[in-house]
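Chemist: I have a structure here, written as structure tokens, and I will follow up with some questions on it.
There are 2 protein chains.
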Amino acid sequence: MILEIADIRIHPGQNDDFEAAIACGATRVIAQAQGFHGFKVNRSMETPERYVLQIFWATLEDHTVGFRQSPAFTEWRSIVGPFFAAPPYVEHFELVAQSD
Amino acid sequence: MILEIADIRIHPGQNDDFEAAIACGATRVIAQAQGFHGFKVNRSMETPERYVLQIFWATLEDHTVGFRQSPAFTEWRSIVGPFFAAPPYVEHFELVAQSD
Numbered sequence: 000m001i002l003e004i005a006d007i008r009i010h011p012g013q014n015d016d017f018e019a020a021i022a023c024g025a026t027r028v029i030a031q032a033q034g035f036h037g038f039k040v041n042r043s044m045e046t047p048e049r050y051v052l053q054i055f056w057a058t059l060e061d062h063t064v065g066f067r068q069s070p071a072f073t074e075w076r077s078i079v080g081p082f083f084a085a086p087p088y089v090e091h092f093e094l095v096a097q098s099d
Numbered sequence: 000m001i002l003e004i005a006d007i008r009i010h011p012g013q014n015d016d017f018e019a020a021i022a023c024g025a026t027r028v029i030a031q032a033q034g035f036h037g038f039k040v041n042r043s044m045e046t047p048e049r050y051v052l053q054i055f056w057a058t059l060e061d062h063t064v065g066f067r068q069s070p071a072f073t074e075w076r077s078i079v080g081p082f083f084a085a086p087p088y089v090e091h092f093e094l095v096a097q098s099d
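Same order as they appear, the protein sequences are chains W and S.
No gaps in the numbering here: position 76 of the first sequence is 75 in numbering that gives the first Met the number 0, and each next residue is one more.
No gaps in the numbering here: position 37 of the second sequence is 36 in numbering that gives the first Met the number 0, and each next residue is one more.
Encoded structure:
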């Protein structure tokens, strides 16, 4: 299992609409993808236009190949892309420690 | 419950030592703080010197006042601080959506 973390900045004043859109897009599009294992969306308290989207994937390739190179990626971007103030910054992570 | 996300960059070549240190510091110091509800440490696959530390706190003030203004914060920084290549970038987040 790997973790995708996407750092997102949206246009100011669109929080409610963006939150509805990303919840819809993640549930209806991303959650249907091969290897999807869950998502979370968090909004920054200090920077309200900043969101962190976390998605768990079975493998790196489930995201970078299976999802990103599928028509579903275009559908996802059509739902959330209009809110983006800049391209999201995305990296993938491995868990190295956690509390019991 | 709120989520602290700390974006950390360490000096190259110290991954093993840093991972042991942060696991130790989080478990022995942070996990003893009032309002602590769990932590995760993830390492970037694209940028091996980048780590994302996530800590769940009952309230914002449990972190910003209760922990940061206690001697425990100094102890924590003495354990992990020597590995930092730059000051960690820290913000706090509220959950706005998640998968079932």
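Even for Gly, the Cβ is constructed at its ideal location relative to N, Cα and C.
Quick caveat, the model's predicted, so the values are computed rather than measured.
Any chance you could list the beta strand (DSSP E) runs of at least 3 consecutive residues sitting entirely within the segment 17 to 51 of chain W, in chain order?
Modeler: With a minimum length of 3 residues, the continuous beta strand (DSSP E) runs that stay inside the segment 17 to 51 of chain W are 35 to 43.
Chemist: Considering F92 (chain W), what are the terminal residues of the beta strand (DSSP E) in which it resides?
Modeler: Element bounds for F92 (chain W): Y88 to Q97.
Chemist: Closer than 8 Å by beta-carbon distance: list the chain S residues that pair up with H91 (chain W), in chain order.
Modeler: S43, M44 and E45, listed in chain order.
Chemist: Could you check whether the Cβ of V79 (chain S) sits closer than 8 Å to any Cβ belonging to chain W?
Modeler: No, because no Cβ of chain W sits closer than 8 Å to the Cβ of V79 (chain S).
Chemist: What residue range is occupied by the uninterrupted alpha helix (DSSP H) comprising R102 (chain S)?
Modeler: In this structure chain S extends from 0 to 99, so residue 102 (chain S) is not present and cannot be described.
Chemist: Would the segment 47 to 61 of chain W and the segment 6 to 14 of chain W be scored as touching if the rule is three or more Cβ pairs under 8 Å?
Modeler: Counting Cβ pairs under 8 Å, three or more are found: they touch.
Chemist: Taking all protein chains shown into account, decide if E3 (chain W) is buried (16 or more other Cβ within 10 angstroms of its Cβ) or exposed.
Modeler: Buried, by the Cβ-count rule.
Chemist: I want to know whether the segment 14 to 27 of chain W touches the segment 89 to 99 of chain S - three or more CB-CB distances under 8 Å.
Modeler: The segment 14 to 27 of chain W is in contact with the segment 89 to 99 of chain S.
Chemist: Report the residue from W:A84, W:F35 and W:R42 whose alpha carbon sits nearest the alpha carbon of T63 (chain W).
Modeler: If we check each option's Cα against that of T63 (chain W), W:F35 comes out closest.
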